[in-house]
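Protein chains: 2
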Amino acid sequence: MKKIEENKKLCSEWFELLRNRICQEIQGLEEGKSKFIKKKWLRDPNGSNRMGGGEMSVLRGNTFEKAGVNISTVFGKISKNLKGKIPGTEHSNKFWASGISVVIHPFSPKIPAVHMNTRYIITKESWFGGGMDITPTNLKSKESLKLAKFFHRNLEKICEEYRKGSYKKYKKWCDDYFYLPHRDEPRGLGGIFYDYLNSKNWENDFNFTRKVGKTFIDSYKSIVVDSKKSKWNEEDKKLQFHRRSRYTEFNLLHDRGTKFGLQTKGNIDAILMSLPPSTGW
Amino acid sequence: MKKIEENKKLCSEWFELLRNRICQEIQGLEEGKSKFIKKKWLRDPNGSNRMGGGEMSVLRGNTFEKAGVNISTVFGKISKNLKGKIPGTEHSNKFWASGISVVIHPFSPKIPAVHMNTRYIITKESWFGGGMDITPTNLKSKESLKLAKFFHRNLEKICEEYRKGSYKKYKKWCDDYFYLPHRDEPRGLGGIFYDYLNSKNWENDFNFTRKVGKTFIDSYKSIVVDSKKSKWNEEDKKLQFHRRSRYTEFNLLHDRGTKFGLQTKGNIDAILMSLPPSTGW
Numbered sequence: 000m001k002k003i004e005e006n007k008k009l010c011s012e013w014f015e016l017l018r019n020r021i022c023q024e025i026q027g028l029e030e031g032k033s034k035f036i037k038k039k040w041l042r043d044p045n046g047s048n049r050m051g052g053g054e055m056s057v058l059r060g061n062t063f064e065k066a067g068v069n070i071s072t073v074f075g076k077i078s079k080n081l082k083g084k085i086p087g088t089e090h091s092n093k094f095w096a097s098g099i100s101v102v103i104h105p106f107s108p109k110i111p112a113v114h115m116n117t118r119y120i121i122t123k124e125s126w127f128g129g130g131m132d133i134t135p136t137n138l139k140s141k142e143s144l145k146l147a148k149f150f151h152r153n154l155e156k157i158c159e160e161y162r163k164g165s166y167k168k169y170k171k172w173c174d175d176y177f178y179l180p181h182r183d184e185p186r187g188l189g190g191i192f193y194d195y196l197n198s199k200n201w202e203n204d205f206n207f208t209r210k211v212g213k214t215f216i217d218s219y220k221s222i223v224v225d226s227k228k229s230k231w232n233e234e235d236k237k238l239q240f241h242r243r244s245r246y247t248e249f250n251l252l253h254d255r256g257t258k259f260g261l262q263t264k265g266n267i268d269a270i271l272m273s274l275p276p277s278t279g280w
Numbered sequence: 000m001k002k003i004e005e006n007k008k009l010c011s012e013w014f015e016l017l018r019n020r021i022c023q024e025i026q027g028l029e030e031g032k033s034k035f036i037k038k039k040w041l042r043d044p045n046g047s048n049r050m051g052g053g054e055m056s057v058l059r060g061n062t063f064e065k066a067g068v069n070i071s072t073v074f075g076k077i078s079k080n081l082k083g084k085i086p087g088t089e090h091s092n093k094f095w096a097s098g099i100s101v102v103i104h105p106f107s108p109k110i111p112a113v114h115m116n117t118r119y120i121i122t123k124e125s126w127f128g129g130g131m132d133i134t135p136t137n138l139k140s141k142e143s144l145k146l147a148k149f150f151h152r153n154l155e156k157i158c159e160e161y162r163k164g165s166y167k168k169y170k171k172w173c174d175d176y177f178y179l180p181h182r183d184e185p186r187g188l189g190g191i192f193y194d195y196l197n198s199k200n201w202e203n204d205f206n207f208t209r210k211v212g213k214t215f216i217d218s219y220k221s222i223v224v225d226s227k228k229s230k231w232n233e234e235d236k237k238l239q240f241h242r243r244s245r246y247t248e249f250n251l252l253h254d255r256g257t258k259f260g261l262q263t264k265g266n267i268d269a270i271l272m273s274l275p276p277s278t279g280w
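Respectively, the protein sequence lines represent chains A and B. The first sequence: position 47 = 46 (my numbering), numbered continuously. The second sequence: position 215 = 214 (my numbering), numbered continuously.
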């Protein structure tokens, strides 16, 4: 098998494996009371696999009001309006992309919401991208800052193992990205974000991608176990709705992923899976 | 006083008068239990009136979970990125704009949500714009269709009085505008929408604008009195949340008013006043 085909296979298989692990852990935290419901989708309206597709898994439970895990492997030709705007598409419109995307909105306002995404893209060039960020209800409370510190420490570890200085860079990238300019507010307490990652050492980059996924579920599991015990009141719930309204504004007004998905006529339910189960303005 | 200055004054005074009338009627339907809370804002961050401003009125009540009425009169120079994109700004960046905007989200899923907006804009050219549309929870029920029919009949009357054939045109404009392309769904059951209205008979155009405002509150009041009595159940409430999620998607992803407001650094709370008080995905 050609190296590139082997890499594609390794990536899409990894994303599926990680999806299974995340769904299993999240279901475990639900203590078996709620299950993920899976739904496959294909890009081709005629139902063939000639353009790829994906699988969406959604759980609506007691601990997690809404947890969504998407995997997809899509390929074909990028649309005219995107040609030249994505690296390696100046002279060819062929692309291949595989990835996983997770958004979790817990019921308790004391458990932070979380997002994680990793992907591998091939055009005439190829690169990894991804990241994760944490959104506690209260962005200033001692409890939230403590959880965020733990989250960041784990991220710092894998980033610095991958490449010295990368944590600071990816953290800033995350802060710059998950930001609501119209409110002059951050979306949450950050994390890491990176794109166009290609160090010319594919194995190393792929290994980092896998570590991002594993660190995500390990860290978040600890955070949930820890924050699940905390009591909350009506004020906390109100603030959670407020935080979620900002989350919605970010995802619909600013998120590149949402824009890209809608422009490329992706699966609407999968693209908007990130939106909170309940909110208000 | 120069004719143009007189027209500006007539318009901004009318919008204020209409605002008072709408707030009074809505408060009346609340049976005095909830009141509008008013909040003035200025465009100039230094707090002067050199760029204009507005007043936002919001009521959170029993019949109306959220009712917002904005008036504003703003002026100055349009930003570089808008120059030439708005009629009459090819050779000058001066503008003046005054308007009223109303969005009402009732608590009962049996009472339709409604939106109305009218405005007068002056650049090197000048024109009126506006419209209104109705969004019942259930877009297909007999009750909803009956209420929408009444709403449309009143609109047809004033449009046809203003100019033969305009109802059909403005109705189509509304259907085309309040549409979610990513869902291939209408936002609601329509109404009218018009822009760049200048028949060279200012008094006639202004008179039409006033009729739009008056017809709006008269029609909606009847609709509320009529639909308020209807019993509803959990299924209706669920569908209302669903409808509101689509409303939010439209306003954040597609609405020109939202985009224009954010691009021109308008008042964020006023721009996003239209978003529903409670919803979910």
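By construction, the Cβ of each residue, glycine as well, lies at the ideal position given by its N, Cα and C atoms.
Cβ neighbours of residue i in the same chain (closer than 8 Å, five flanking residues each side left out)
{"i": "F35 (chain B)", "result": "C22, I25, Q26, S56, V57, L58, A66 and V68"}
{"i": "W231 (chain B)", "result": "S107, P108 and K109"}
{"i": "T263 (chain A)", "result": "I77, S78 and L81"}
{"i": "R186 (chain A)", "result": "D132, T134, F177, Y178, L179, R245, Y246 and F249"}
{"i": "F281 (chain A)", "result": "Chain A is shown only over 0 to 280; residue 281 (chain A) falls outside these bounds and no answer can be derived."}
Rounded C-alpha distance that separates residue i from residue j
{"i": "K220 (chain A)", "j": "E89 (chain B)", "result": "57 Å"}
{"i": "T214 (chain A)", "j": "C10 (chain A)", "result": "17 Å"}
{"i": "G212 (chain A)", "j": "M115 (chain A)", "result": "8 Å"}
{"i": "I77 (chain B)", "j": "I191 (chain B)", "result": "27 Å"}
{"i": "M272 (chain B)", "j": "L81 (chain A)", "result": "33 Å"}
{"i": "S33 (chain A)", "j": "T247 (chain B)", "result": "28 Å"}
{"i": "W325 (chain A)", "j": "M50 (chain B)", "result": "No statement about residue 325 (chain A) is possible, as the shown extent of chain A runs from 0 to 280 and does not include it."}
{"i": "L196 (chain A)", "j": "D204 (chain A)", "result": "7 Å"}
{"i": "L274 (chain A)", "j": "L238 (chain A)", "result": "17 Å"}
{"i": "W172 (chain A)", "j": "D174 (chain B)", "result": "41 Å"}
{"i": "H104 (chain B)", "j": "N61 (chain A)", "result": "29 Å"}
{"i": "Y176 (chain A)", "j": "E4 (chain B)", "result": "45 Å"}
{"i": "R152 (chain A)", "j": "P276 (chain A)", "result": "29 Å"}
{"i": "D235 (chain B)", "j": "G189 (chain B)", "result": "20 Å"}
{"i": "I267 (chain A)", "j": "K37 (chain A)", "result": "15 Å"}
{"i": "Y119 (chain A)", "j": "V101 (chain A)", "result": "16 Å"}
{"i": "E54 (chain A)", "j": "R42 (chain A)", "result": "11 Å"}
{"i": "F94 (chain A)", "j": "S229 (chain B)", "result": "54 Å"}
{"i": "C158 (chain B)", "j": "R18 (chain B)", "result": "22 Å"}
Per-residue DSSP class, three states only, for residue i
{"i": "R118 (chain B)", "result": "strand"}
{"i": "L17 (chain B)", "result": "helix"}
{"i": "I3 (chain A)", "result": "helix"}
{"i": "I110 (chain A)", "result": "coil"}
{"i": "M131 (chain A)", "result": "strand"}
{"i": "E184 (chain B)", "result": "strand"}
{"i": "M272 (chain B)", "result": "helix"}
{"i": "L196 (chain A)", "result": "strand"}
{"i": "I267 (chain B)", "result": "helix"}
{"i": "F35 (chain A)", "result": "coil"}
{"i": "S221 (chain A)", "result": "helix"}
{"i": "W126 (chain B)", "result": "strand"}
{"i": "T247 (chain B)", "result": "helix"}
{"i": "W40 (chain B)", "result": "strand"}
{"i": "T88 (chain A)", "result": "coil"}
{"i": "T214 (chain B)", "result": "helix"}
{"i": "K281 (chain B)", "result": "Chain B is shown from 0 up to 280; residue 281 (chain B) falls before or after that span and cannot be answered."}
{"i": "T208 (chain B)", "result": "helix"}
Contacts of residue i in chain A (Cβ-Cβ under 7 Å)
{"i": "I267 (chain B)", "result": "H181 and R182"}
{"i": "L81 (chain B)", "result": "Neighbours of L81 (chain B) on chain A: none; closest Cβ ~16 Å, over 7 Å."}
{"i": "L58 (chain B)", "result": "Residues of chain A passing the Cβ test: none, with the nearest at roughly 14 Å."}
{"i": "L271 (chain B)", "result": "W280"}
Opposing strand residues paired with residue i [DSSP bridges]
{"i": "N69 (chain A)", "result": "A:M55 and A:S100"}
{"i": "F63 (chain A)", "result": "A:P105"}
{"i": "I191 (chain A)", "result": "A:M131"}
{"i": "G75 (chain A)", "result": "A:F94"}
{"i": "L178 (chain A)", "result": "Here residue 178 (chain A) turns out to be Tyr, not Leu, going by the sequence shown. Per DSSP, A:P185."}
{"i": "T278 (chain B)", "result": "A:T278"}
Interface partners of residue i on chain B, CB under 7 Å
{"i": "E248 (chain A)", "result": "L251"}
{"i": "L274 (chain A)", "result": "W280"}
Proximal residues of chain A, C-beta to C-beta of residue i below 8 Å
{"i": "S278 (chain B)", "result": "According to the sequence displayed, residue 278 (chain B) carries Thr and not Ser. Under the 8 Å cutoff, chain A gives S277, T278 and G279."}
Cut-off 7 Å between Cβ atoms - residues of its own chain near residue i, not counting five sequence neighbours on either side
{"i": "T257 (chain A)", "result": "N250, L251 and I270"}
Listed by chain order, chain A residues near residue i by CB distance under 9 Å
{"i": "L261 (chain B)", "result": "P180, H181 and L252"}
Same chain only: Cβ atoms within 6 Å of residue i, ignoring 5 sequence neighbours per side
{"i": "A147 (chain B)", "result": "I133 and L188"}
{"i": "P86 (chain B)", "result": "E124"}
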